[in-house]
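Protein chains: 2
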Amino acid sequence: MTIDPVPLAFSEHDHETCSGGVLAQAGALAASRGLRLTPVRRRTLEILLESHRAMGAYEVLERLSADGFAKQPPVAYRALEFLVENGLAHRIRRLNAFAACMHPGERHSPVFLICKSCDHIAEAQGAHVATALEAAATPAGFSIERTNVEALGLCPACAAPA
Amino acid sequence: MTIDPVPLAFSEHDHETCSGGVLAQAGALAASRGLRLTPVRRRTLEILLESHRAMGAYEVLERLSADGFAKQPPVAYRALEFLVENGLAHRIRRLNAFAACMHPGERHSPVFLICKSCDHIAEAQGAHVATALEAAATPAGFSIERTNVEALGLCPACAAPA
DNA sequence: CTTGACATGTAATGCTATAACATATCAACA
DNA sequence: TGTTGATATGTTATAGCATTACATGTCAAG
Ligand SMILES: [Zn+2]
Ligand SMILES: [Zn+2]
Ligand SMILES: [Zn+2]
Ligand SMILES: [Zn+2]
Numbered sequence: 000m001t002i003d004p005v006p007l008a009f010s011e012h013d014h015e016t017c018s019g020g021v022l023a024q025a026g027a028l029a030a031s032r033g034l035r036l037t038p039v040r041r042r043t044l045e046i047l048l049e050s051h052r053a054m055g056a057y058e059v060l061e062r063l064s065a066d067g068f069a070k071q072p073p074v075a076y077r078a079l080e081f082l083v084e085n086g087l088a089h090r091i092r093r094l095n096a097f098a099a100c101m102h103p104g105e106r107h108s109p110v111f112l113i114c115k116s117c118d119h120i121a122e123a124q125g126a127h128v129a130t131a132l133e134a135a136a137t138p139a140g141f142s143i144e145r146t147n148v149e150a151l152g153l154c155p156a157c158a159a160p161a
Numbered sequence: 000m001t002i003d004p005v006p007l008a009f010s011e012h013d014h015e016t017c018s019g020g021v022l023a024q025a026g027a028l029a030a031s032r033g034l035r036l037t038p039v040r041r042r043t044l045e046i047l048l049e050s051h052r053a054m055g056a057y058e059v060l061e062r063l064s065a066d067g068f069a070k071q072p073p074v075a076y077r078a079l080e081f082l083v084e085n086g087l088a089h090r091i092r093r094l095n096a097f098a099a100c101m102h103p104g105e106r107h108s109p110v111f112l113i114c115k116s117c118d119h120i121a122e123a124q125g126a127h128v129a130t131a132l133e134a135a136a137t138p139a140g141f142s143i144e145r146t147n148v149e150a151l152g153l154c155p156a157c158a159a160p161a
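Note that the protein sequences, when read in sequence, are chains A and B. Those letters in the first sequence? Residues 0 to 161, per numbering that gives the first Met the number 0, in order. Those letters in the second sequence? Residues 0 to 161, per numbering that gives the first Met the number 0, in order.
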């Protein structure tokens, strides 16, 4: 499976299929790597996958507690940390929030496109950005380990004339 | 004045001259734009300029209070907000912290190189990164307004063999 | 000297994240 | 099968980051 050239997040699409596919990918990835995708963790991923938005940890926590899990912050933070560590979710620093990874298991250098109007988030292909980043860091003698690339702006729907 | 191809942050350098120059540039910029670089604001910038590190708002606040300013969070946050809004400082989201802009007034798409070991921060030239970012956003129909590009890794000094 | 815009002082609160310790679950192994 | 160690979860408390709201002060234009 290859990465969509254009993320679906900003287009009308069958999100059931969209999220279902990602969830299946995530499950397969977890199995193949021997990760323990426990109930809280799986449920957390499902919650994140419900929309193409980023959710704060406390928002996730609220939802988890409605499903019978404990309502203490560490419950949400631990599940989210697990997902992020294992590439099943991303942290959107600009929003102090988290979003499901739409390409679990695939090598990708995500660029997050954050619509400031509707709050939706797309995960665009950032291979070239990553290359440019390396090129910018090298002359400084800096070796990159992880990057955060986030862009704030308007999605096509919100940019369209009212 | 043009932008240094290689940021000084990770090299030994005369930081007095380095920070003095930036402060002078900032002052000139403020004057030319009719910005009010009041005592708290100027002092805040000076504090940020003392090192190539990012400082949390409360750390800045601590310093400001030692200089006789009020010790309530808004004091620091307002000064920092002013500096960021006017391009005299940057917000480093990964660290929930702020750093002085090393190129005030110059068009630059900063890429922040954050050394995870010594905490120093360099502001590298991100023109190509910005281009790549635009290229990644365009197919999605997304129009970018602001970006955050941060890289975590090791500076040359910290990467060198112990 | 009044007025209005901007800046600062001050108190209170809200949101985000982690530390620390107790308990539970589960699989490997004797 | 019982023990053990690793991993995960429950629970309490606290730390760290950021904003709201309102009062007060400053200064220059009219
Ligand atoms: Zn979808
Ligand atoms: Zn939108
Ligand atoms: Zn310097
Ligand atoms: Zn370093």
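A virtual CB, placed ideally from N, CA and C, is assigned to each residue, including glycine. Bear in mind that the values here come from a model prediction, so they are computed numbers and not experimental data.
How many Å lie between Glu133 (chain B) and Asn147 (chain A) at the Cα? 16 Å
Listed by chain order, chain A residues near Phe9 (chain B) by CB distance under 8 Å: Ala139, Gly140, Phe141
Determine the burial state of Ala69 (chain B): buried for a count of at least 16 other Cβ atoms within 10 Å of its Cβ, exposed for fewer. exposed
Whether His102 (chain B) touches Arg52 (chain B) by CB criterion (8 Å): no
Using a C-beta to C-beta distance shorter than 9 Å, which residues of chain B count as neighbours of Cys154 (chain A)? Ala139, Gly140, Phe141, Ser142
Taking all protein chains shown into account, do 16 or more other C-beta atoms lie within 10 angstroms of the C-beta of Arg106 (chain B), making it buried, or fewer, making it exposed? exposed
Below 7 Å, is the gap between the Cβ of Leu10 (chain A) and the nearest heavy atom of ligand 2? For the sequence presented, residue 10 (chain A) should be read as Ser rather than Leu. Ser10 (chain A): no, Cβ never under 7 Å from ligand 2.
How long is the line joining the alpha carbons of Arg41 (chain A) and Asn95 (chain B), rounded to whole angstroms? 29 Å
I think Ala56 (chain A) touches Phe97 (chain A), with their Cβ atoms under 8 Å apart; what is that distance to the nearest whole Å? 7 Å
Would you say the beta carbon of Ser50 (chain B) is closer than 7 Å to some non-hydrogen atom of ligand 4? no
From the beta carbon of Pro72 (chain A), is the nearest beta carbon of chain B less than 8 Å away? no
Use the C-beta contact count for Arg32 (chain A): other C-beta atoms within 10 angstroms, 16 or more gives buried, fewer gives exposed. exposed
Please confirm whether Ser108 (chain B) and Ala126 (chain B) have their CB atoms less than 8 Å apart. yes
Tell me which residues share the same chain as Cys157 (chain A) and place their Cβ nearer than 6 Å to its Cβ, disregarding the 5 neighbours each side in the sequence. Cys114, Ser116, Cys117
Would you tell me roughly how many angstroms separate the C-alpha atoms of Leu79 (chain A) and Val5 (chain B), rounded to the nearest one? 37 Å
Glu11 (chain A), DSSP secondary structure in three states: coil
Could you check where the alpha helix (DSSP H) with Arg42 (chain A) kicks off and where it finishes? 38-48
Per DSSP, the bridge partner or partners of Leu79 (chain B): Its beta-bridge partners do not exist; DSSP assigns none.
Which residues in the same chain have their Cβ closer than 6 Å to the Cβ of Leu28 (chain B), if we skip the five residues on either side of it in sequence? Pro103, Gly104
What number of angstroms, rounded off, separates the C-alpha of Ser64 (chain A) from the C-alpha of Cys100 (chain A)? 23 Å
Inter-residue Cα distance where the pair is Gly20 (chain B) and Pro38 (chain B): 18 Å
Does ligand 1 have even one heavy atom less than 7 Å from the beta-carbon of Cys157 (chain B)? no
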